[in-house]
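Notes for the one structure printed next.
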């Protein structure tokens, strides 16, 4: 554990130090990313009809459902290519079971990627099992090109652990 | 993960570096928070989400981060109470102890108010609550003078999320109860912050000034413990047989009278320190060495075995602890003066 912590500290330090480089590039970025989070409130009316509402998360507890969204826009005058949005899942949430099955995810901290059904988790004894929504550490979207002025929204549903 | 320091953030390597950084940082977060994931994340936990994009424009590969959105996990109020007694507790008039476990099923620290109800519908009799105590020394058994007795309003200390506390309810069983009578005692635990229908919210009452919200249990819980009266008594019968000097059974001087004392233990429980004593009748004399217990001779002297006997003091046999269903027989002889 001690070695692990040292290595982690080193990694984080380098991360902080080196972020200055990309930050400079962002000033001239033709792409904007804007994140938000909504809580999903499911209610039933007197006839038993279910209605789902997205609200600002005011009171949230384990088991509640959140939608994390990222709005993107190409504000430049040139198309951008190979647009890849990576979103690490916050530790306190898990990917909701009804997330899009085609969503590209990682279950190993972003080392390998694929749809969930094609991924496996290696256990401590070296054996593997099929990955589940609980195991997802990252989600990723890839767009070949965003035209100038084009915008869109990317979302994933999560459940608070 | 350890290879991260090998990357140098120049030129086209930026993209590679960024994705590696995510791998390191997020994996670390995931691993470190794993122990809290078993029963729901702790109240006050911050959920922070940031997306990052890489792309190519005319100038090359670039990276952009989104803003970070943060939400705080609120406190969920949930509690369960379970009876720790394996079945009805055997009881008799006097003190009885019932054992319960109160578990904070919420995700934040919470204290609970305890209420014991001795008047449960269907009871054959109702007890009186003497005290509610917590298992201070953690041995699962009520220790008078050791385990802390709660003073009214009986409230536990703050229990951490998922922490369980053993609680004793000490009751007084009234006299006049009959064998096999039962009585239930209900223990109610209520979150101090508040109770109500699931979803009821207490603004600002949670961890770090967050809200507290009532969970599926309603933030209260009850469990029922039972008492079963098992009164144990001893049924003692005395019989005598006579043998006169002439081989008959008349009571004349010189007749030997053999007394047989039969002790039958009745009930489901046990008794401590059962001692059978009897006096030597007037105008008779104890026959030395005639005291017997279940067919075995006991000495007349005191201290060397369970029995002692003398003409002046009578007979005494110390049987000790006995259980329901046991039967004992003591015999001794006297001669008629």
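Chains as they are written, first to last, in the working numbering: chain P, 1 to 161; chain X, 1001 to 1337.
Glycine included, each C-beta is placed from N, C-alpha and C at the ideal position.
Quick caveat, the model's predicted, so the values are computed rather than measured.
Three-state secondary structure assigned by DSSP to residue i
| i | result |
| --- | --- |
| residue 31 of chain P | strand |
| residue 134 of chain P | helix |
| residue 1120 of chain X | coil |
| residue 61 of chain P | coil |
| residue 1135 of chain X | coil |
| residue 1207 of chain X | helix |
| residue 1241 of chain X | strand |
| residue 109 of chain P | coil |
| residue 957 of chain X | Summary: the structure shown does not reach residue 957 of chain X, with chain X confined to residues 1001 through 1337, and so no result is reported for it. |
| residue 69 of chain P | strand |
| residue 1017 of chain X | Caution applies to residue 1017 of chain X, whose pLDDT of 37 falls short of 50 and renders its modelled position unreliable; the value that the coordinates give is listed next. Correct three-state label for residue 1017 of chain X: helix. |
| residue 1250 of chain X | coil |
| residue 1094 of chain X | strand |
| residue 116 of chain P | helix |
| residue 1347 of chain X | Any answer about residue 1347 of chain X is impossible in this case: the structure gives chain X only from 1001 up to 1337. |
| residue 102 of chain P | coil |
| residue 88 of chain P | strand |
| residue 1287 of chain X | coil |
| residue 123 of chain P | coil |
| residue 74 of chain P | strand |
| residue 1112 of chain X | strand |
Presumed contact (8 Å Cβ cut-off) between residue i and residue j, rounded CB distance
| i | j | result |
| --- | --- | --- |
| residue 1049 of chain X | residue 35 of chain P | 6 Å |
| residue 1167 of chain X | residue 1134 of chain X | 6 Å |
| residue 1320 of chain X | residue 1265 of chain X | Incorrect: roughly 12 Å between the Cβ atoms, too far for contact. |
| residue 107 of chain P | residue 115 of chain P | Their Cβ separation, rounded to whole angstroms, is 11 Å, which puts residue 107 of chain P and residue 115 of chain P out of contact at 8 Å. |
| residue 1191 of chain X | residue 1157 of chain X | Not a contact, Cβ separation roughly 14 Å. |
| residue 64 of chain P | residue 39 of chain P | 6 Å |
| residue 1197 of chain X | residue 1104 of chain X | The Cβ separation is near 20 Å, so there is no contact. |
| residue 1208 of chain X | residue 1044 of chain X | 4 Å |
| residue 1332 of chain X | residue 1309 of chain X | 6 Å |
| residue 1237 of chain X | residue 1267 of chain X | Going by Cβ atoms, the distance from residue 1237 of chain X to residue 1267 of chain X rounds to 17 Å, so no, they are not a contact pair. |
| residue 30 of chain P | residue 1057 of chain X | 6 Å |
| residue 1095 of chain X | residue 1178 of chain X | Rounded, the Cβ-Cβ distance is 19 Å, inconsistent with contact. |
| residue 1185 of chain X | residue 1091 of chain X | So it is not a contact: roughly 11 Å between Cβ atoms. |
| residue 70 of chain P | residue 1066 of chain X | 5 Å |
| residue 1260 of chain X | residue 1329 of chain X | 6 Å |
Residue i to residue j span [Cα, whole Å]
| i | j | result |
| --- | --- | --- |
| residue 2 of chain P | residue 92 of chain P | Because the pLDDT of residue 2 of chain P is 48, which lies under 50, any placement of that residue in the model is unreliable, and the number read from its coordinates should be weighed accordingly. Rounded to the nearest angstrom, the two C-alpha atoms are 24 Å apart. |
| residue 86 of chain P | residue 1054 of chain X | 8 Å |
| residue 155 of chain P | residue 60 of chain P | 19 Å |
| residue 1112 of chain X | residue 1130 of chain X | 19 Å |
| residue 1263 of chain X | residue 1187 of chain X | 41 Å |
| residue 1093 of chain X | residue 1240 of chain X | 35 Å |
| residue 1072 of chain X | residue 1089 of chain X | 46 Å |
| residue 1087 of chain X | residue 1226 of chain X | 7 Å |
| residue 1174 of chain X | residue 1307 of chain X | 36 Å |
| residue 137 of chain P | residue 146 of chain P | 26 Å |
| residue 1296 of chain X | residue 1282 of chain X | 26 Å |
| residue 75 of chain P | residue 1060 of chain X | 17 Å |
| residue 1139 of chain X | residue 1169 of chain X | 15 Å |
| residue 117 of chain P | residue 128 of chain P | 14 Å |
| residue 50 of chain P | residue 42 of chain P | 7 Å |
| residue 1145 of chain X | residue 1102 of chain X | 21 Å |
| residue 160 of chain P | residue 55 of chain P | 16 Å |
| residue 141 of chain P | residue 68 of chain P | 14 Å |
| residue 102 of chain P | residue 113 of chain P | 12 Å |
| residue 1312 of chain X | residue 1183 of chain X | 48 Å |
| residue 1194 of chain X | residue 158 of chain P | 28 Å |
| residue 1119 of chain X | residue 1126 of chain X | 6 Å |
| residue 1124 of chain X | residue 1149 of chain X | 28 Å |
| residue 152 of chain P | residue 120 of chain P | 31 Å |
| residue 57 of chain P | residue 1117 of chain X | 40 Å |
Span of the beta strand (DSSP E), counted from its first residue to its last, around residue i
| i | result |
| --- | --- |
| residue 1164 of chain X | 1164 to 1173 |
| residue 1047 of chain X | 1046 to 1049 |
| residue 1142 of chain X | Neither: residue 1142 of chain X is in no beta strand (DSSP E) and is coded neither H nor E. |
| residue 1274 of chain X | 1270 to 1278 |
| residue 1192 of chain X | Taken as a continuous stretch (DSSP letters only), residue 1192 of chain X belongs to no beta strand (DSSP E), as it is neither H nor E. |
| residue 1063 of chain X | 1060 to 1065 |
| residue 1226 of chain X | 1220 to 1229 |
| residue 1161 of chain X | It is not in any beta strand (DSSP E) - residue 1161 of chain X carries neither H nor E in the DSSP assignment. |
| residue 94 of chain P | 93 to 95 |
| residue 1179 of chain X | Unbroken run through residue 1179 of chain X: none, as it is neither H nor E. |
| residue 1333 of chain X | 1327 to 1336 |
| residue 46 of chain P | That residue, residue 46 of chain P, is in no beta strand (DSSP E); it is neither H nor E in DSSP. |
| residue 157 of chain P | 151 to 160 |
* Asked: Using a Cβ cut-off of 8 Å, which residues of the region 82 to 97 of chain P contact any Cβ in chain X, in chain order?
  -> 82, 83, 84, 85, 86, 87, 88, 89, 90, 91, 92 and 93
* **Residues in the region 1095 to 1115 of chain X having any Cβ partner in chain P nearer than 8 Å** => 1107
* Can you list, in chain order, the residues of the region 1065 to 1076 of chain X whose Cβ is nearer than 9 Å to any Cβ on chain P? -> 1065, 1066, 1067, 1068, 1069, 1070, 1071, 1072, 1073, 1074, 1075 and 1076
* To do: Could you run through the region 1040 to 1056 of chain X and flag, in chain order, every residue whose CB is less than 7 Å away from some CB of chain P?
  => 1040, 1041, 1045, 1047, 1048, 1049, 1050, 1051, 1052, 1053, 1054, 1055 and 1056
* To do: Please name the residues in the region 28 to 40 of chain P whose beta-carbon is closer than 7 Å to at least one beta-carbon of chain X, in chain order.
  => 29, 30, 31, 33, 34, 35, 36 and 37
* Asked: When Cβ atoms are compared, which residues of the region 51 to 63 of chain P fall closer than 8 Å to chain X?
  -> 57, 58, 59, 60, 61, 62 and 63
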